[in-house]
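Undergrad:
In the numbering used here, the protein residues as written are 450 to 732.
1) Taking Cβ to Cβ, would you say residue 709 is nearer than 7 Å to residue 520?
2) Where residue 659 and residue 613 are concerned, what is the direct C-alpha to C-alpha distance, given to the nearest angstrom?
3) List the endpoints of the continuous alpha helix (DSSP H) containing residue 611.
4) Using DSSP with H/G/I as helix, E/B as strand and the rest coil, what is residue 497?
5) Nearest by alpha-carbon distance to residue 547: which of 679, 599, 638 and 706 is it?
6) On the three-state DSSP scale, how would you describe residue 486?
7) Checking 7 Å against the spacing of the C-beta atoms, do residue 583 and residue 522 come in under that value?
8) CB of residue 698 to nearest heavy atom of the ligand NAP: below 6 Å?
9) Taking the C-alpha atoms as reference points, what is the distance between residue 652 and residue 634?
10) Taking DSSP as the reference, what is the three-state secondary structure of residue 554?
11) Under the assumption that residue 661 contacts residue 605 (Cβ atoms under 8 Å), give the Cβ distance between them as a whole number of angstroms.
12) For residue 632, tell me which candidate among 647, 455, 655 and 518 has the shortest Cα-Cα distance.
13) Is residue 573 near residue 592, with beta carbons less than 7 Å apart?
14) Taking the C-alpha atoms as reference points, what is the distance between residue 458 and residue 534?
15) Give a yes or no on contact between the stretch 688-695 and the stretch 713-722, applying the rule of three or more CB pairs nearer than 8 Å.
Below is the structure:
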């Protein structure tokens with residue numbers, strides 16, 4: 450039932466268990482990264498950054514690109530337009546999850562824009578001979594490589610799902626965590642597989658995404674600013690939003706026709722019919 454908020458209660462309870470110390474390991478990782486390159490003997494940051502992972506980039510790109518269609522579909526899951534429809538149903542079943550997601554999204558959007566502008570690291574296509582590695586999809590050659598925005602979005606979303614629906618039993622916790630970790634790694638490193646990012650781009654991006662998720666969860670621990678969604682009189686607004694969203698995905702299908710787009714579209718359609726049915730029964 451659309452008015453069953455057991456998942457929301459579960460998410461709220463689990464979010465309250467998330468501790469601030471979880472910010473320390475990823476924060477130390479970022480600090481170590483920046484200190485390493487700050488004290489490196491390279492001529493400049495960009496050259497040292499790119500050269501230090503050139504071999505690893507070629508290795509990963511060569512191996513991952515053996516499955517170009519898989520990589521191209523996976524990398525779309527770093528796009529909020531495609532990823533968020535897969536969890537849109539939780540907006541109505543678990544509003545607190547979406548509070549954390551929206552808050553974290555704003556954080557990642559700002560941090561990504563600021564850091565990309567500060568570092569201005571050229572994409573692989575701008576640094577290497579384009580015939581020396583595999584590029585799947587559009588060739589990106591701007592100076593916006595670090596950090597990977599797709600990785601930030603993917604890991605941020607996966608982290609929120611991880612903690613929102615964390616099982617109680619230890620075995621189930623481990624299985625759930627490993628499953629989402631594997632999914633996160635597949636999505637983030639697909640950015641290397643399609644030739645859009647360096648390995649460190651996705652590692653740093655994923656780390657920032659994790660930090661943003663924890664911060665988003667903590668900021669929304671004791672507030673319920675999306676609780677008004679539980680009132681079904683607002684459903685027509687969301688029906689319109691879902692229709693517009695579906696139209697945007699259809700445009701992507703027309704342009705690229707990727708299976709992952711159909712999955713996102715299907716999720717939107719199912720959610721649309723669920724809330725439409727709930728709204729009709731209300732009246």
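Where a beta carbon is used, it is the ideal one built from N, C-alpha and C, also for glycine.
TA: In brief:
1) No.
2) 14 Å
3) 598-613
4) Helix, per DSSP.
5) 679
6) helix
7) no
8) The ligand NAP is not among the ligands present in this structure, which contains no ligands whatsoever.
9) 9 Å
10) For residue 554, the three-state secondary structure derived from DSSP is helix.
11) Confirmed, about 5 Å.
12) The option with the nearest alpha carbon to residue 632 is 655.
13) no
14) 22 Å
15) Result yes; three or more Cβ-Cβ pairs closer than 8 Å.
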